[in-house]
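Protein chains in written order, with this note's numbering: chain Z, 218 to 540; chain X, 3 to 286; chain G, 14 to 262.
Glycine included, C-beta positions come from ideal geometry on N, C-alpha and C.
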Amino acid sequence: MKTWRKHLGLVVSLGFVLLLALYPIVTGRDINRETTFTILMSIALASSLNILLGYSGYVSFGHVVFFGLGGYVGMYFLSVHGWPLWSALLAGGLASGILAFLLGKAILRLRGAYFALATIGINEAMKAFINNFQPFGGPIGMSLNFSVYNDYGGAAKALWLTFYILVAVTLITVTVSYLVRTSRFGLGLLAIREDEDAAEIMGVVAPNTKTWAYVLSAVFPGIIGALFFFKNINIEPGPAFRLHVSIEMIVMVMLGGQGTVLGPLLGASGYQAMRGYLLTSPVFKDIQLAIAGSLLLIIVLFVPAGVVGWVRNRFPATRRVLQ
Amino acid sequence: MDILAFLVDGLLIGFVYGLAAMGLTLIWGVMNVINLAHGPIIALGMFGVYLTFSSFGLHPYLALILVAVAGLLFGMLVYGVAISRVIDAPHLSSLLATFAVNMIIIGLATAQFSTTPRNVDISLGSLSIGPVTVLGTRVVAAVGAMLTTGALYLFLYRTRQGRYIRAVSNNRSAAELMGVPSSRILALSFGIGTMLAAVSGGLIATFFPFTVLSGGTYELKSFVIGVLGGLGNPIGALAGGLVLGMLEGVIPFFTSTAFVPVIEFVLFVVILLVRPQGLFGAKQ
Amino acid sequence: MILQVDHISKNFGGLQALNDVTFDLPEGQILGLIGPNGAGKTTLFNVVNGVYPASAGNVSFRGEDVTHNKTYEMAHAGLARTHQIVRPLNELSVIDNVMVGACFGRHSHGLGEARKIAGEVLNFVSLGDRAEQLAGSLNVGQKKRLELARALASQPYLLFLDEVLAGLNPSEIAGMVDIVKQIRERDITIIMIEHVMHAVMNVSDRIIVLDYGRLIAEGTPEEIANNPKVIEAYLGDPKLAESLMSEEA
Chain Z
218 MKTWRKHLGL VVSLGFVLLL ALYPIVTGRD INRETTFTIL MSIALASSLN ILLGYSGYVS
278 FGHVVFFGLG GYVGMYFLSV HGWPLWSALL AGGLASGILA FLLGKAILRL RGAYFALATI
338 GINEAMKAFI NNFQPFGGPI GMSLNFSVYN DYGGAAKALW LTFYILVAVT LITVTVSYLV
398 RTSRFGLGLL AIREDEDAAE IMGVVAPNTK TWAYVLSAVF PGIIGALFFF KNINIEPGPA
458 FRLHVSIEMI VMVMLGGQGT VLGPLLGASG YQAMRGYLLT SPVFKDIQLA IAGSLLLIIV
518 LFVPAGVVGW VRNRFPATRR VLQ
Chain X
3 MDILAFLVDG LLIGFVYGLA AMGLTLIWGV MNVINLAHGP IIALGMFGVY LTFSSFGLHP
63 YLALILVAVA GLLFGMLVYG VAISRVIDAP HLSSLLATFA VNMIIIGLAT AQFSTTPRNV
123 DISLGSLSIG PVTVLGTRVV AAVGAMLTTG ALYLFLYRTR QGRYIRAVSN NRSAAELMGV
183 PSSRILALSF GIGTMLAAVS GGLIATFFPF TVLSGGTYEL KSFVIGVLGG LGNPIGALAG
243 GLVLGMLEGV IPFFTSTAFV PVIEFVLFVV ILLVRPQGLF GAKQ
Chain G
14 MILQVDHISK NFGGLQALND VTFDLPEGQI LGLIGPNGAG KTTLFNVVNG VYPASAGNVS
74 FRGEDVTHNK TYEMAHAGLA RTHQIVRPLN ELSVIDNVMV GACFGRHSHG LGEARKIAGE
134 VLNFVSLGDR AEQLAGSLNV GQKKRLELAR ALASQPYLLF LDEVLAGLNP SEIAGMVDIV
194 KQIRERDITI IMIEHVMHAV MNVSDRIIVL DYGRLIAEGT PEEIANNPKV IEAYLGDPKL
254 AESLMSEEA
């Protein structure tokens, strides 16, 4: 009982994810599963980004590059080499982790806006490169043969399998996010966020700390990318490296509250709920992007700490629960 | 011989790229804000020229004046609404604020104009300079860019407002202490930056087809150029634009055109890493 | 000798901030570092600390050459410092701030151990009851004590204090001077940059004086107060020096 109470923040966050996951499991309907899939994917992506953005303060505008690369590597091993799903997912995650490690060594030396621009540059370069990379299908991309699903009991079963895997990955991502935040490593990251030079003077080895945060924040999008495109059957350079996906990730993190564990969860759910509503409403369908932009502007101008951050500041008693 | 033609062509386009990048770099230099709405504003400039031409028959080169004024006013509006509150906040805030404006503009524009490509149908024939033949529109665009640069230079160095802008760019608090109305100057600077973007969009519209989303490509080029030339350095931006224009003209000779964006972005990242102050020195 | 600064020079482009500075520091001493504004005192801290690389010269810390060390390497070696303009980690709580010092300082403590150390240090500087407050919400005097607590929590051998008394009122100054004396009793060597003359003269065992990047004098407080070069650099008026020395601490 004592551990349960000590880690209330984690329990609340995991409980939230499980509740969401239970909804389609209980109702057994495909449409609910699809909606929840999108929400869970956003939660996992936002939580991963938060490890870098929220905890260290480094804003990765081009984070979608890890999602896309994971997708491509996963699809490559699935379609060309016929690997089982598990290995392909791990390969996707590993590839993204390695990219983050190498990139991190290079670009984490840049501060603020320069780092953000560099991440955009990386994404665009990767997209342009893969567009010309024949082993990955060039501009046409890659497709899975539909029969691949037979290995998993047929298409319907495979879709449910991907859903369960996503639930597991989301739970793991949220847990890792929590563990980082409450660890000595996380304290170093937060110190870097507040004042990187002062943190180094206090002994935080910033270059290594930032690199590992970057790697952690990249591995999960890599796995999720591989999973998503397995489900999607098809991958192409444009959709895989859509810059707006990274920006949406940032919006979700900021909406919920950067630097908290629960924030990205609420932000992702809220954002997806709003998006779902807008896309199905005849009035707002076309200007969905404009509304998302207005929302982002309002958050940035008036509520920069996000929903969770605002509540924590206003009601300090909630800090234990809203971690 | 062919390569010379491509080089010259690239150079001419490079002037326009430089103009666009100048808008971005001016805003960066004066207020340390990277305007992620730069692309959509270029697109708005394109549409401004297109609409006045197709609806009112106004000649594009005249329409540019309207576009310039509209760009200026629009920029000042955006500054007041979105940027003024976050100008002293951490960089992330202004990046996100300008990106939010980007999303709003794209969202509304896509709804209004959809993504069908548009074209401004004017032709000025071609011009032969020695062994090289170039399109008239390109030459006029380059000249337009040069004139605008010249006007900007005169403004910054020969008028009081221009001096204020340079003062604020150099040291805002010191300028304020000397009585410079900094928030008005910041709004003006932002407006000039967007004006340059809009005008460059209008010029591009005279020789390339475009859609609502075209601004994005030029925005990315502006980043590359801005970093190449040194962020905050308008002359550097012009020079960087010429370099990029020529590179774009010449690269297809050596490898597939498709690799142009790869090379641009690798260059971008390499400069950020190796010489972040750019080839010509950034504002400190 | 805990610290040996050997012919250290530092220039920034054309500006010579430090010029051939040499001195030794025995363990357990309180060394006062004084000089007019712009003399290079904080620059000296920054060079030894690893914030700036030296343009010439060497620094030895506890027998090891640390001239090219990075700032975090110096922290691990046992050097801690406070800043002239305080740098609290604003969005973190007071105790989290101090825990950073404890976790990443001379020893790599875990969070539990760090929290204990932090608690003890906070009580030492009388900030114990503000442990859960956000660092950004403290007033200047409290932030200075927080900065000091953070430095102490890293369990340093040598502590650099950069104008730790600036901006404090007389009773706060007395309190801080007391803390400094207690720190020395814990066997921590101290170099303090100060402008509050009566305090630094009364607390220091020895004083060195910088002017325009050069070390112009070295000695006991009495010797320094009567040193004509020092008086000339600082004040230009011997009578003023006399009256300052006789001010009550």
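Boundaries of the alpha helix (DSSP H) harbouring H93(X): 93-115, taken from the DSSP string.
In the DSSP annotation of this structure, the continuous segment of the beta strand (DSSP E) that includes L228(G) starts and ends at 227-232. Taking the Cα of G271(Z) as reference, the smallest distance to any Cα among G510(Z), P481(Z), L257(Z) is reached at P481(Z). Within 10 angstroms of the beta-carbon of G371(Z) lie fewer than 16 other beta-carbons, which makes it exposed. Scanning G77(X), F17(X), G47(X) for the CA closest to the CA of V69(X) turns up G47(X). Proximity of chain Z to L171(G) at the Cβ level (cut-off 7 Å) is not reached, the minimal Cβ distance being about 13 Å. Annotation for L495(Z): the continuous alpha helix (DSSP H) segment containing it runs 479-497. Residue pairing by DSSP puts R94(G) in a beta bridge opposite F173(G). Look at the stretch 142-208 of chain G and you find these whole runs of beta strand (DSSP E), each 3 residues long or longer: 171-175, 202-206.
Burial state of Q195(G) is exposed, judged by a 10 Å Cβ sphere holding fewer than 16 other Cβ atoms. From the listed residues G310(Z), W377(Z), R410(Z), the smallest Cα separation to R100(G) is found for R410(Z). Closer than 8 Å to the CB of N62(G) there is at least one CB belonging to chain Z. According to the DSSP assignment, G45(G) belongs to the beta strand (DSSP E) that extends over 43-47. Exclusion of the five residues before and after Y220(X) leaves A22, I44 as the residues of its chain whose Cβ lies within less than 6 Å of its Cβ. Residues of chain G whose Cβ lies closer than 8 Å to the Cβ of A415(Z) are, in chain order, H96, R100, L102.
Across the structure, G193(X) and G231(X) are spaced so that their CA atoms are roughly 21 Å apart. Under the DSSP assignment, R219(G) falls in the beta strand (DSSP E) whose first and last residues are 219-224. Rounded to the nearest whole angstrom, the CA to CA distance from L74(X) to T196(X) is 6 Å.
Residue contact with chain Z for P119(X): absent (no Cβ-Cβ distance below 8 Å to any residue of chain Z). Listed along chain X, the residues sitting closer than 8 Å to A509(Z) by beta-carbon distance are M105, G109. Between the alpha carbons of S86(X) and L179(X) lies a gap of roughly 19 Å.
DSSP places Q17(G) in the strand class (E or B) of the three-state scheme. Closest option to E133(G), judged by alpha-carbon separation, among S167(G), G149(G), S121(G), N103(G): S167(G).
Remark: C-beta atoms of I265(X) and V229(X) do not approach each other more closely than 8 Å. By the rule that beta-carbons nearer than 8 Å mark a contact, V113(G) touches chain Z. Distance from the Cα of M214(G) is smallest, within the candidate group S106(G), E40(G), Y85(G), L46(G), for L46(G). Rounded to the nearest whole angstrom, the C-alpha separation of E235(G) and V243(G) is 12 Å. The DSSP-derived three-state label of I452(Z) is strand. From the listed residues T257(X), V71(X), P263(X), L240(X), the smallest Cα separation to F282(X) is found for L240(X).
Within the DSSP secondary-structure output, M359(Z) pairs in a beta bridge with I452(Z).
Secondary structure note for D37(G): its beta strand (DSSP E) is the uninterrupted segment 28-38. Put simply, the backbone Cα of E77(G) is about 22 Å away from that of T55(G). With fewer than 16 other beta carbons inside 10 angstroms of its own, F532(Z) counts as exposed. Nearest C-alpha to M14(G) among L223(G), I43(G), G27(G), M205(G): I43(G). Taking C-alpha positions only, L215(X) is separated from N71(G) by approximately 58 Å. Using a CB distance below 7 Å, the part of the stretch 341-369 of chain Z facing chain X consists of E341, A342, A345, F346, N348, N349, ordered along the chain.
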